[in-house]
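Q: Taken in order, these protein sequences are the chains called A and B.
Residue numbers for the first sequence follow the working numbering, beginning at 550 and rising by one.
Residue numbers for the second sequence follow the working numbering, beginning at 550 and rising by one.
No residue lacks a Cβ here, since even glycine has one placed at the ideal position from N, Cα and C.
Protein chains: 2
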Amino acid sequence: MSLSLQRKPALADDGDELTFCSTCAFSKVCLPHGFDKAQLRDLHVLVEHIGPFHAGEHIFREGDPFNAIAAVRSGSVKTYVVDSVGREQVQGFFLPGELIGLNAISHEAYPCDAVALETVLLCRFSFPMLAALATQISGVQAALFRLLSEDINKAALLAGNFSAAERMAAFLLTLAKRHQARGYSAHRFQLTMARTDIGNYLRLTPETVSRVLRRFQDQGLVRIERRDVTLLDRDRLHTVAREILRA
Amino acid sequence: MSLSLQRKPALADDGDELTFCSTCAFSKVCLPHGFDKAQLRDLHVLVEHIGPFHAGEHIFREGDPFNAIAAVRSGSVKTYVVDSVGREQVQGFFLPGELIGLNAISHEAYPCDAVALETVLLCRFSFPMLAALATQISGVQAALFRLLSEDINKAALLAGNFSAAERMAAFLLTLAKRHQARGYSAHRFQLTMARTDIGNYLRLTPETVSRVLRRFQDQGLVRIERRDVTLLDRDRLHTVAREILRA
DNA sequence: CGGTCCCTTGAAAACGTTCAAATATAGTGG
DNA sequence: CCACTATATTTGAACGTTTTCAAGGGACCG
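1) If residue 713 of chain A sits next to residue 770 of chain A, beta carbons under 8 Å apart, how far is it from one beta carbon to the other, in whole angstroms?
2) Tell me whether residue 582 of chain A sits in a helix, a strand or coil according to DSSP, three-state version.
3) How many whole angstroms separate the CB atoms of residue 621 of chain B and residue 689 of chain B, which I take to be in contact at a CB cut-off of 8 Å?
4) Would you mind giving the Cβ-Cβ distance between residue 691 of chain B and residue 708 of chain A, rounded to the nearest angstrom? I have them listed as a contact below 8 Å.
5) Out of curiosity, what's the CA-to-CA distance linking residue 726 of chain A and residue 772 of chain A?
6) Along chain A, in chain order, which residues have C-beta atoms closer than 8 Å to that of residue 652 of chain B?
7) Are the beta-carbon atoms belonging to residue 665 of chain A and residue 604 of chain A less than 8 Å from one another?
8) In angstroms, rounded to a whole number, what distance separates the CA positions of residue 799 of chain B and residue 627 of chain A?
9) Less than 8 Å between C-beta atoms, sequence neighbours within five positions excluded: which residues of the same chain meet that for residue 684 of chain B?
10) Am I right that residue 778 of chain A and residue 721 of chain A are in contact with their C-beta atoms under 8 Å? What's the rounded C-beta distance?
11) Look up residue 571 of chain B in the DSSP assignment and say whether it is helix, strand or coil.
12) Looking at the secondary structure, which residues open and close the alpha helix (DSSP H) in which residue 746 of chain A lies?
13) What residues in the stretch 615–648 of chain A bring their beta carbon closer than 9 Å to a beta carbon of chain B?
14) Could you tell me whether any Cβ in chain A is nearer than 8 Å to the Cβ of residue 795 of chain B?
15) Looking at the structure shown, is residue 595 of chain B part of a helix, part of a strand, or coil, going by DSSP?
16) Compare the C-beta of residue 683 of chain A against all C-beta atoms of chain B and say whether one is closer than 8 Å.
17) Can you tell me where the beta strand (DSSP E) holding residue 793 of chain B begins and where it ends?
18) With distances taken Cα to Cα, identify the nearest neighbour of residue 656 of chain B among A:786, A:741, A:758, A:703.
19) Give me the DSSP bridge partner(s) of residue 684 of chain B.
20) Measuring only the C-alpha atoms, how far is residue 787 of chain A from residue 715 of chain A?
21) Starting from residue 758 of chain B, follow the beta strand (DSSP E) in both directions and report where the run begins and ends.
22) Could you check which residue in B:768, B:745, B:789 has the C-alpha nearest to that of residue 636 of chain B?
23) Tell me which same chain residues have a C-beta within less than 7 Å of the C-beta of residue 780 of chain B, skipping the five on either side of it?
24) Do residue 701 of chain A and residue 700 of chain B count as a contact pair if the criterion is CB distance below 8 Å?
25) How should residue 574 of chain B be labelled, buried or exposed, when 16 other C-beta atoms within 10 angstroms of its C-beta is the threshold for buried?
26) Where does residue 662 of chain B fall in DSSP's three states?
27) Cα separation between residue 608 of chain B and residue 680 of chain B?
28) Roughly how far, in whole angstroms, is the beta-carbon of residue 600 of chain B from the beta-carbon of residue 671 of chain B, given that I think they are within contact range, below 8 Å?
29) Using a C-beta cutoff of 8 Å, does residue 655 of chain B count as contacting chain A?
30) Using a Cβ-Cβ cutoff of less than 7 Å, which residues in the same chain neighbour residue 711 of chain A once the five nearest sequence positions on both sides are dropped?
31) When burial is assigned at 16 or more other CB atoms within 10 Å of the CB, is residue 758 of chain B buried or exposed?
32) Which two residues bound the contiguous alpha helix (DSSP H) that contains residue 617 of chain A?
33) Go to residue 607 of chain B, then tell me how far its beta strand (DSSP E) extends in each direction, as first and last residue.
34) What's the call for residue 677 of chain A, buried or exposed, on a 16-neighbour Cβ count within 10 Å?
35) With residue 724 of chain A as the anchor, note down where its alpha helix (DSSP H) starts and where it stops.
Have a look at this one:
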C-alpha cells in the first residue's frame, strides 16, 4: 500500500450524513472558511481514507510518483531523505491534523520518504483534483496557499544558529502546542520517535539529545521517562527557546 | 517607498506592444506554461514596476501589511529577521528573476525584513489580484503552487547538519547556477552581500566564512578578491557540496 | 586625510561529536 | 513464562570544529 498508488475511491462513510468526514483533519482546515454543504460534498468526493500503516511501514518513498497529499487522522509520521552515505536527514514529524506531501507539489515525484512511527490512518487527497477544485472555490485555493506558505516558515524555523538546548526546548514546546491544538494534553505526551530521529531533525546526535533531556530533567524543566514526557515548567522552557519561538 | 504601500498602477510600458514585460522575471515563470496573449494581458495589468531602492533601503519591514509579492528585475535583495538581542538571521538572498514575499502569504503582514543590497528594481504583483487570477487560469495557480513548494524545499536545504566547507561550497555553486539561469557567467560573479550576511545565512561567523574562503583559495578551488568570486574548479567544489546539493 | 566599516588572521575556549561501553527495553521463539 | 537477541538509550572521556575574543590591515567615503 502506498499513498501514490491509484485506488478506487472506496469512501469510508459516504452515507446520507452530510457531516464531511469529521475525524478528518482537512475538514478542519477548510471548514473555517465557511464552505456550504454543496462545496463540502465536492471536497468529499476527492477524499479517501487509507491505512492502517503500521509502525515502520512506508507511506511513500522518494521517487514515487506524486499524485496526492494526505492528512494524518491518527498516529504520527516522519519524513526524511537519505544521503549518499546512508545517513537519514529527518525533515519533519506529522501529528493528527497535519498534512504530508506539500513539498512534493513542485515535483513529479515525492522528494522524500514518509514512514509511520506508529499505526497511522490517513485521509488521501488527489492533488490534481484538489487543484482543480481550488480553481473553482477560492477558499480552497487560499487554504492551500496558506498551508504552503506556513511550511516555508516552518522549515526556516530550525534553520537558525541555535544551541542544542534552545532547539530541544523549542521542539518540546512545539510538540506540546500541536498536541493541544488537537485537544490532547499540552503537559504530558508521548514521543513517538526515537532519540535518533529527534537528533536527525534537530541536527544533533542521539547522545546530545539524551544529555540535553537529562539536563532539562535535572533542572526541573521536564520529567522524561523513556518516551513519556511531562512538561513541568513551560515558562522556563519558553525562556530557553524564546529566540527560536519568537515568531 | 515600500512594497506594501498601495500605489496607483502606473504601468511602466503599457504601450501597444504585447511582449509582456520581457525584463520582468515573472513572465519567464509563467510563459513556459503557454499562456496566450489575452492571458498575458491579464497578467500585465496587475504588474507594477517599482524602485529603484538603493543599497541599504528597505523594501518591506517585518509587520508591514502584506499585499504583494515582488520579482527582482535587477540588483539583489536580502531577507532577514532580527531576534530579541538584535542579531540578524538572514533567510535568503534574491537575484534577478526571483520572487520575494512568498513566505508572507500565510500572514497578514510580512514576517521578515527585506533590504536592497545594491540598487534594486522590482516588479510588484498585487497578491489578492494574482490569487484571483489564479482561480481563472490554472497555469497561474500551478505556477504559484510550484514556486511555494520549491521554497519549502529550498528552506529545508540548509537545515541539514553540514560542515562550514560543505555549506560554503553549496552556497557558491547555487549562486553560480542562479547567475547562469539569468544568462550571466557561472564562473565569475560578484558577492553583493557582506561576509557577515553570508555567515548569518549559513549559520557561521564571518570569521569562519573568511577562513573557509581562504582555504578554498589555497586549495585552488576558487579565486576570491574582495567580493569578486571566480570558480576555478567547479567539479571539486561539487564534490565538497555533494551531500547538500544531492537533490 | 581621517574615519568607518569590512575583512582577515591568530590564539584560546566552548560546544557538540565521536568513540566506547554499559544498561534497558521490546520483540521472538522456545 | 523465560531466555535470548536486536535495538534503543544512557553515560563517560577524548577529540575536533567552530566560536569567541582580540588585534591589525585595507577599502571606500566624506
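A: Once the coordinates are examined:
1) Residue 770 of chain A and residue 713 of chain A do not touch by the CB rule: their CB atoms are close to 14 Å apart, not below 8 Å.
2) With a pLDDT of 49 at residue 582 of chain A, under the threshold of 50, the predicted position of this residue should be treated as unreliable, and no value is reported.
3) Between residue 621 of chain B and residue 689 of chain B, the beta carbon gap of about 19 Å keeps them out of contact (Cβ cut-off 8 Å).
4) Between residue 691 of chain B and residue 708 of chain A the beta-carbon gap is near 27 Å, outside 8 Å, which marks them as no contact.
5) Answer to the nearest angstrom: the Cα atoms are 17 Å apart.
6) Under the 8 Å cutoff, chain A gives 698, 701, 702, 705.
7) Against a cut-off of 8 Å, the Cβ pair of residue 604 of chain A and residue 665 of chain A comes out as a contact.
8) Residue 799 of chain B falls outside the range modelled here, since chain B spans only 550 to 796, and no answer is possible.
9) Contacts found: 690.
10) About 7 Å separates the beta carbons of residue 778 of chain A and residue 721 of chain A, which is inside the 8 Å limit, making them a contact pair.
11) Only weak support exists for where residue 571 of chain B lies, its pLDDT of 49 falling under 50; the value from the coordinates is given anyway. Coil at residue 571 of chain B, not helix or strand.
12) It spans 744–751 - the alpha helix (DSSP H) in which residue 746 of chain A sits, taken as one unbroken run.
13) Within the stretch 615–648 of chain A, the residues whose Cβ lies closer than 9 Å to some Cβ of chain B are 630, 632, 633, 634, 636, 638, 640, 641, listed in chain order.
14) Yes, residue 795 of chain B counts as interfacial toward chain A.
15) In the structure shown, residue 595 of chain B sits in coil (DSSP, three-state: anything other than H, G, I, E or B).
16) Output row for residue 683 of chain A: interface = yes.
17) Residue 793 of chain B -> not in any beta strand (DSSP E); alpha helix (DSSP H) instead, spanning 783–794.
18) Cα-wise, what sits closest to residue 656 of chain B is A:703.
19) For residue 684 of chain B, which the question treats as bridged, DSSP gives no partner whatsoever.
20) Each residue's alpha carbon lies about 9 Å from the other.
21) Run containing residue 758 of chain B: none in the beta strand (DSSP E); it sits in the alpha helix (DSSP H), 755–767.
22) Among B:768, B:745, B:789, the Cα nearest to that of residue 636 of chain B belongs to B:745.
23) Answer for residue 780 of chain B: 721, 725, 736, 771, 786, listed in chain order.
24) Between residue 700 of chain B and residue 701 of chain A, the gap from beta carbon to beta carbon is short of 8 Å.
25) Residue placement at residue 574 of chain B is poorly supported in this model, since its pLDDT is 49, which falls under 50; the coordinates still yield a value, given next. Of the other Cβ atoms in all chains shown, 16 or more fall within 10 Å of the Cβ of residue 574 of chain B; this residue is therefore buried.
26) Strand at residue 662 of chain B.
27) Each residue's Cα considered, the two are about 22 Å apart.
28) Contact flag correct, Cβ pair sits at about 5 Å.
29) For residue 655 of chain B, the closest Cβ of chain A is nearer than 8 Å.
30) Taken in chain order, the residues that qualify are 792, 793.
31) Its Cβ being crowded by 16 or more others within 10 Å, residue 758 of chain B is buried.
32) Counted as a single uninterrupted DSSP element, the stretch harbouring residue 617 of chain A is not any alpha helix (DSSP H) but the beta strand (DSSP E) occupying residues 617–623.
33) Segment 607–609, the beta strand (DSSP E) holding residue 607 of chain B.
34) Flag for residue 677 of chain A reads exposed.
35) 713–730 is the extent of the alpha helix (DSSP H) around residue 724 of chain A.
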